[in-house]
Structure formats: structure tokens, C-alpha cells
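> Numbering (my numbering), first residue to last: 286 to 1175. Just so it is clear, CB atoms sit at the ideal spot from N, CA and C, and this is done for glycine as well. Bear in mind that the values here come from a model prediction, so they are computed numbers and not experimental data. Have a look at the structure that comes next, please.
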């Protein structure tokens, strides 16, 4: 039975391909049968006319037989759909203005949604192809009593976690440095991002090297140093040389053997673009027993079937055990964060808000197209009525109108897919590349399915209501002179759609107004230092050039002094943590009295080292006392400069100048001398303009408490008289005279650093503003179309009023009245909706409430003005109606 049915369908399909030939053969066969019956009737004595009539009666009608054969020999539904498509294309071609507006409106909505979802798919749903981010987590330490929600990890604690946990199959830690690359393949010194990583990283991820091999146990038997290069560095600096593994490269004047090359696109940590991985030796790691020195990061892969809550409970037990054993761990716990959420970071909230706003824009486009379809359908009322009077069923009219809408939306969907890549580029253009180096946006099957779904839903919303209305056309009212039947309903539909359009337009417009207001306020926040004419750059002091803390300090002071000798530089200095740099501060213990008891219980503040001239070059406001001078050397009394936040916290209602305090590494404080406060500077933003300034302290680099590798990574800042970048060549030359092997990196002006810190706010405000303008244009178009239609419906009335003596001003107010009333009702609904929805923007706003009445009022007034202009154009056209022509037309 199934085979017979399949053969029947195949025969029907084949019949479609040979339709004309088969119909011609069937017609010839019918004619032959008809001729034979006529001949028999003639022999029976009938007249020719009667013989033909009787033959036709016997055959049952040639035409009906041909129609029956046509239906049985083809696929009627497919043929009807094809006819509807051709008819719909002809009708759309007859109204090019409507078709162009409708297709472009929907294409913008579909393309924008596809673009945003493409980025969301890459950033949130499938953020990294080399790592299963659903099973991998980041580990950090926390101390809620001290306000530390995510602190770095101490190496001894990490080793205990690794040994004692029951929920993770792999665990490793890392730290990152910027080092100087020289030697083979490097034409000049280059700063590269180096990640010191435990050896099990590559085996845990089951990666396949692009060249060479990864780490093996034999690599830890000697004292050699090994390195694994990123694919990008291998291609950029070494030309993809397949023979590079086994050779050596030079990092900070030390030789490292290249073991292999990572696969293309791989980077770990995911959030940063690593150039070189250096596996650590476990025997060297385990020598570090300082639990209060927290400077590493850790990650782990959960065992199959282990939930995040189970892993957190397991680590909480271990943290409690360590806190009872070691005083340094008192109050510290473990924080587990899913890698998927961490990778997305600050990109998640703006993207989700944009997706929600785009949903409103697409819905607004659907409402607008449905409204235009209604207006267009009213112009076709007589055509639809004639078709209905000639026998077309309501189902047939519904099918025709739905097919026409589907054709319209399909064209918009194709155009939207073409516009989506442009939208992706515009979105990524607003984000600094260093914020999302891992992001690789591509159009995959999921993106195509979402775009198809958006297109289908658009067709449903934009075409269903007009199609149902067309299927229920009033034949008598449409063909007769009367307009009463259905006219009131049509008018109410139009007014309802206008109100819906304006209400939907208010929502993205209000959100954009709030974000723009917030961004403007944030942009004018005083960071606490000067940003104009400041050039910054970074360098790393190699161990072979500066073997101890004194040599590091001496090199830093000399670099600052050499910069001050460059013509056009007013002031220059160096610091470890520069405001708005990738790392902005390190928490160190503070005490007004000589520390006693557990040093881990001491409060912590932002602490960094700086050279002479740094504060002057940054343009910090000195509130009292003095700044560092060359007299603050390693042999002089220890000093410190603090900010106002620290002074208020530790010296309330007293002058801190001249007072002593202990500040630095907690383990060293009990045996270290106190520092005298020599100056108080104004509070400054170190990382975020919208956060409260932290308590911070600066000490001369020549008086640092202990030698740390991190202090070798320093930033230089120069206050220039001209454009900062114009001094870069002279600065490079001056630094090369100090050490030709030093590579400079992270070169930027302070204005650029400050601007990049606002990328999330700028991104959200800019994109949402663009979408709100699209919504505003769509709403204005809808108001204009409906007002034009209503004015056209009242042409006879307007002509009569003018004939009876009405003034043009009266006609203008009459035509404008209904549009204004609909506008006010729509805006009122929109503002009410905005008050309910904009509360989700609270975390993105600065200095303005999510329910700020002035901002919401400004958005409403802007929309009202645009709607008023859209209403006034057809209203003014109504004043130019010729009464004689209008009355004669009726």
C-alpha cells in the first residue's frame, strides 16, 4: 500500500514536469473517443448536431474530464501555492513604494536580531571551541569579612585543594607576565604575554599541537626551561617554521627550548591573548610555603556528573579545614565561578539588554507592516470583493493574502541575512579588541535557525491579522456605495495599531535615553588626575639586568630620569599599577600599630610602588604634605603617600601627616619598620569611574619591602607639551640608550585608557540609541501611513466642509486631532511600560535613576514631536483638497 501510494505521488510529481505534453495527449485521446461516438450516432440516423450532443453527454463533459485529469495528474496544493506566489509577486510589483518600505523595515529588524544573536551565540552560548566551558570552572579565594569576593590564590592552598578535592578531575594554576622576546626569529625585541602554567594544562584539554609536542614527564628531570608558543606568535615572528620545535628562544635574556606550538585559535586563560606558555616545575612550586602571598589564578575541570553546588560544597569543606590549621587562612574560603560566565564577563548584560530591545524593535516592525497591510488591503477592498463574488472562498482569500505576506517577509529575511554580517562588524567595532580577544563570530546552523525562526514569526505577526481581515471581506459594502459595513471596525484597527506602535517605540527610546544620560554623566566624572597630554607605556626589567630589588629600583629611577630629558616632556615617572591599566592594585596589609597576632586579620588596601616624578606626571592633586623626592632612598627613613580615602578610614578627624603606619606584606610587617606619612593626595579612580575610590598608598620603589617578580613590570608616564604620540620616537630612542634589549608595550595615552574603561557603557548606549532611532522611524512611518489613510477616507467629508465655508485651518485641526489623540494614548502606555521594564537597567546606570522623570519625559516629548510631524504632513495635504473634485469623485 505504501509503495503504491509512493508511486502515485512520484507519478504526480513527474506529471508536473511534463504537464503540457500529458494534457495535450489526454486532449487528443478525448477527441478520438468523441469522434468515434459521433460517428456511431451518425450511423444511427442522428443529425450532426444531435450526434455531437449525445456523444458529449455519454462522455460526461470534455471540460470536466480534463479538469479531473489535471487534478489527479498533478499536485493541486503545490500548483495553487505557485499561482499565489506569482500573483503575490505581481501585486507587490505594482506597489513598489510599499514593498520597498516593508522589506527594508523587516530586513533591518531581522538583520539586527541575527547580528546580535550571532554575537550572543559566540560570546555566551559557545564562547570557546577548545574548552568545554560548562565543565570547567575558575577557582579563587574569598574573605567576606574583608570584602574580598574574588581574590588571587596562594600556591600552598592550591596544592592542598589539588590533593584533597573529590569533585575535580584536573586542577591547575597560572600567573601571567609580559616579558621581552629576543633571539631566533625576532627581528627586534618584542613584549609578549607569557603564562606560567602547571604542566597538566595541555594534557587535561587533550589538545593536538600544530607543531612539535607538549609537555612530558621527562621535561622536568633537568633544570632546562621549556616553552610552548601560540599559533599566532609562531606565524607572526617565526613564519610558521616547522623546524622551530627543539630550538631556543630568549625571554628576558634567558634561553627557553621550544617544545611545540598550540593549535590555531587556542589561548589560555581564555580572556587574554597568551603568546608563550612556560610550564612550571612542581618541585620549585612546592618550595613556596607562604600562604598569605596570594598572586596566582586557578582553574579546574569538574568530574562527569558533578554539579557546581557539589563542587562548591567540597571546596568549602577543604577551606574550613585549612582555616583551622593555618592562621593565614582564617576567614578565607573558596569561590567557584563557571568558566562560561567568567569568559563572557561584562559582555553578558549589554548583549542581553540589546537582544531584549531588538525584540521590541522587531515586534514594532511587525505591527507597522501589519498596519500598512491593512491600509493596502482597504485599497484592494473592491478587488477582493469581486473575487469573493465570483466564487472565491474565504479560505482561498486567506491563503492568497498569507502567501503574499510570506513572500514579503521571505525577501526581508534574505536581505536581513545579508545585512547581519555588517551588523556584527559594527557591534565588534564598538568593543576594544583586547576585551574580547577570544571572540570568533561566525554564522552556524543555530544562527540560521534563529534567523529563520525570526522570519517565520515576523510573517505570522505581520501577515496573519490582515489575511484574516481580507478573508472576511464584506462583498455588499465593498461593491456598493455605502462604506458603513466594516468601516468602523477598520478604523478602530488602525487606531489600535498606531497606539501599539507608539507604545512599543517608547520602550527602546526610554532605555536609550537613560543609557545616554548615564554615559554623559560618567564621561564627565573627574578621575582625580589629569588625562590630557599624558603618554603611557610599559616595560619589564629582566633579571639578568636587574638581579635584586635595589637594581630594579635603580633601573626604574633611571628610566624616569631619561624620559625627563626628552625635549617636550614636562614630567615623567614610573609606577607598578597605573590607573586604568590591566592591573590596577594589589591588596596589602595596613596597621596603625605594630602588628601582633595573626597578620591575615589585618585590613588590606591598594598598595603600589612608584618612582620620583610619577605623581607630578600624572597630575594628581596634592592635598597636604609633599610627594616623593630623590632624598627618599633605600637608606633614608621609610615613607608613604596615601590618598584621602585611606586617611579618612584610618585617621578620622585627625591630620595624618607625620604619623606612622605599617603597610606592606602581612608576613613581613611584624619585623618591618613603620612608614611615615609624608603626603596626602586626592582620591582617584583606579579602574572604574563609577566605583567609590579605594583606600590606596604609594611607597618609593627604592624602599619596597621585598623583592617581587611583579615589581619588575612597570609603567612609565610622560607629561608632554605637544601631542603625546609625537614624543614616542624620541622616547624609544632614549630608552634604547639605557637598554637596547628592552621592549616597550601597552603604549597608549591616558585619554585612550580612560575611554577604553567606558567601552561597556559606550557600547550599550550607542547600539541601543541606533536601534531606538530605527524604532522611532518605524513608528513615525506607521503614524504617517494611518493618518494618510484616515484623511483619504474622509476626503468626501473634507470636500463638503470646504464647500460649506470651512477654513483650511479648521480642516488642518480636524485632520490632526485624531492623530494627536492616538499619539498621546500610545505614549502614555509606553511610558507606563518603560517604568516597569527600565528597572532592569539599574546596574548599567550611573548618576541617574531607572525611573528618572526628566529622561523619560524627554524620550516621550521626542517621540511626540516626531509623531506630530508625521501627522501634520497628511493633515496639511487635506487642506489642499479641491471641493469640486472631491464631491464629483463621490
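Please determine if the region 994-1005 and the region 815-827 are in contact, where contact requires at least 3 C-beta pairs separated by less than 8 angstroms.
yes
> Span of the alpha helix (DSSP H) holding residue 1144?
Translated into positions along the chain shown, residue 1144 becomes position 859. 1138-1163 is the span of the alpha helix (DSSP H), which, as asked, contains residue 1144.
> Can you tell me whether residue 833 is buried or exposed, with buried defined as 16 or more other CB within 10 angstroms of its CB?
Here residue 833 refers to the residue found at position 548 when the chain shown is read from its first residue. It counts as exposed.
> Taking the DSSP output, what are the residues bridged to residue 653?
Here the question's residue 653 lines up with position 368 in the chain shown. According to DSSP, residue 653 bridges with nothing at all.
> Jot down the residue ranges of each uninterrupted alpha helix (DSSP H) in the region 993-1032, minimum 4 residues, whole runs only, in chain order.
List check, alpha helix (DSSP H) in window: 1013-1023.
> Under DSSP, the alpha helix (DSSP H) around residue 580 begins and ends at which residues?
Numbered from its first residue, the chain shown carries residue 580 at position 295. First-last for residue 580: 579-587, but that is the beta strand (DSSP E), not the alpha helix (DSSP H).
> Within 10 Å of its beta-carbon, does residue 1071 have 16 or more other beta-carbons around it, so buried, or fewer, so exposed?
Within the chain shown, numbered from 1, the residue matching residue 1071 stands at position 786. Its Cβ being crowded by 16 or more others within 10 Å, residue 1071 is buried.
> What's the gap between the Cα of residue 771 and the Cα of residue 777?
Position 486 of the chain shown, counted from the start, is the residue given in the question as residue 771. Position 492 of the chain shown, counted from the start, is the residue given in the question as residue 777. Unreliable positioning characterises residue 771 in this predicted model, as indicated by a pLDDT of 41, which lies under 50. A coordinate reading is not provided.
> DSSP on residue 450, reduced to helix/strand/coil?
Working through the chain shown from its first residue, we reach residue 450 at position 165. If DSSP states are grouped into helix, strand and coil, residue 450 belongs with coil.
> Excluding the 5 residues preceding and the 5 following residue 1031 in the sequence, name in chain order all residues of the same chain whose CB lies nearer than 8 angstroms to its CB.
Here residue 1031 refers to the residue found at position 746 when the chain shown is read from its first residue. Taken in chain order, the residues that qualify are 463, 476, 821, 822, 823, 866, 867 and 1000.
> Quick one: give me the first and last residue of the alpha helix (DSSP H) that residue 428 is part of.
The sequence position of residue 428 within the chain shown is 143, counting from 1. No alpha helix (DSSP H) holds residue 428; the beta strand (DSSP E) holding it covers 421-428.
> Express the C-alpha separation of residue 1061 and residue 1151 in angstroms, rounding to a whole number.
Numbered from its first residue, the chain shown carries residue 1151 at position 866. Numbered from its first residue, the chain shown carries residue 1061 at position 776. Straight-line Cα distance between these residues: approximately 8 angstroms.
> Could you tell me which residues DSSP pairs with residue 512 in its beta bridges?
Residue mapping note: residue 512 aligns to position 227 of the chain shown, counting from 1. Beta-bridge pairing links residue 512 to 543.
> Any idea what DSSP makes of residue 855, helix, strand or coil?
Sequence index remark: in the chain shown, residue 855 carries index 570 (1-based). Residue state, collapsed to three classes: strand.
> Quick one: give me the first and last residue of the alpha helix (DSSP H) that residue 929 is part of.
Position 644 of the chain shown, counting from 1, holds the residue named residue 929. Where residue 929 is concerned, the enclosing alpha helix (DSSP H) stretches over 929-935.
> Cβ atoms of residue 1130 and residue 800: under 9 angstroms apart, would you say?
Here residue 800 refers to the residue found at position 515 of the chain shown. Here residue 1130 refers to the residue found at position 845 of the chain shown. Closer than 9 angstroms, so yes.
> Examine the Cβ distances between the region 590-609 and the region 389-396 and report whether three or more of them are shorter than 8 angstroms.
no
> In angstroms, rounded to a whole number, what distance separates the CA positions of residue 336 and residue 343?
Here the question's residue 336 lines up with position 51 in the chain shown. Here the question's residue 343 lines up with position 58 in the chain shown. Distance between the alpha carbons of residue 336 and residue 343: 11 angstroms.
> When you compare each of 564, 636, 1025 and 853 to residue 461 by their alpha carbons, which one comes out closest?
Position 176 of the chain shown holds residue 461. Minimum Cα-Cα distance from residue 461 among the listed residues 564, 636, 1025 and 853 corresponds to 564.
> Can you look up residue 372 in the DSSP assignment and give me helix, strand or coil?
Here residue 372 refers to the residue found at position 87 of the chain shown. Correct three-state label for residue 372: helix.
> Going by CA-CA distance only, name the one from 906, 1128 and 842 that's closest to residue 804.
Taking the chain shown and counting its residues from 1, one reaches residue 804 at position 519. Among 906, 1128 and 842, the Cα nearest to that of residue 804 is on 1128.
> Using 8 angstroms as the threshold, is the region 421-430 in touch with the region 526-536, meaning 3 or more CB pairs across them?
no
> Can you give me the C-alpha to C-alpha distance between residue 1100 and residue 1063, rounded to a whole angstrom?
For the purposes of this step, residue 1100 is identified with residue 815 of the chain shown, where counting begins at 1. For the purposes of this step, residue 1063 is identified with residue 778 of the chain shown, where counting begins at 1. The alpha-carbon atoms of residue 1100 and residue 1063 are separated by roughly 21 angstroms.
> With C-beta atoms as the reference, is residue 881 less than 9 angstroms away from residue 959?
As a position in the chain shown, residue 881 is number 596, starting the count at 1. As a position in the chain shown, residue 959 is number 674, starting the count at 1. It is not a contact, given that the beta carbons lie outside the stated cut-off.
> How about residue 619 and residue 446: do their beta carbons lie closer than 9 angstroms?
Residue numbering aside, residue 619 sits at position 334 when the chain shown is read from its first letter. Residue numbering aside, residue 446 sits at position 161 when the chain shown is read from its first letter. For residue 619 and residue 446, yes; Cβs fall inside 9 angstroms.
> Determine the direct distance from the alpha carbon of residue 925 to that of residue 985, and round the result to whole angstroms.
By one-based count along the chain shown, residue 985 stands at place 700. By one-based count along the chain shown, residue 925 stands at place 640. Between residue 985 and residue 925, the C-alpha separation is close to 7 angstroms.
> On a CA-only basis, which of 806, 699 and 897 is nearest residue 397? Give me that one, please.
As a position in the chain shown, residue 397 is number 112, starting the count at 1. The shortest C-alpha separation from residue 397 is found at 699.
> For residue 681, which residues does DSSP report across the bridge?
Walking along the chain shown from the start, residue 681 turns up at place 396. Residue 681 pairs with nothing; no bridge assigned.
> Looking at the strands, I want to know which residues DSSP matches up with residue 1034.
Position 749 of the chain shown holds residue 1034. Residue 1034 is bridged to 820.
> Nearest by alpha-carbon distance to residue 681: which of 1083, 1110 and 368 is it?
In the chain shown, counting from the first residue as 1, residue 681 sits at position 396. When each option's Cα is compared against that of residue 681, the closest is 368.
> Just to confirm before moving on: does the CB-CB distance between residue 515 and residue 552 stay below 9 angstroms?
In the chain shown, counting from the first residue as 1, residue 515 sits at position 230. In the chain shown, counting from the first residue as 1, residue 552 sits at position 267. In contact: residue 515 and residue 552 (Cβ atoms closer than 9 angstroms).
> Using the DSSP secondary-structure output, state which residues sit across from residue 946 in a beta bridge.
Here residue 946 is taken as the residue at index 661 of the chain shown, counted from 1. Paired residue(s): 960.
> Hey, could you find the ends of the alpha helix (DSSP H) residue 846 is sitting in?
Residue 846 sits at position 561 when you count from the first residue of the chain shown. Taken as a continuous stretch (DSSP letters only), the alpha helix (DSSP H) holding residue 846 covers 834-849.
> Which first and last residues belong to the alpha helix (DSSP H) in which residue 609 is found?
For this step, residue 609 is matched to residue 324 along the chain shown. Where residue 609 is concerned, the enclosing alpha helix (DSSP H) starts and stops at 593-610.
> Taking 8 angstroms as the cut-off, does the region 805-812 touch the region 966-974 (at least 3 CB pairs, one atom from each stretch)?
Below 8 angstroms, enough C-beta pairs join the region 966-974 and the region 805-812 to call them touching: three or more.
> Whose C-alpha, out of 734, 1073 and 452, is nearest the C-alpha of residue 589?
Within the chain shown, numbered from 1, the residue matching residue 589 stands at position 304. Ranking the options by Cα distance to residue 589, first place goes to 452.
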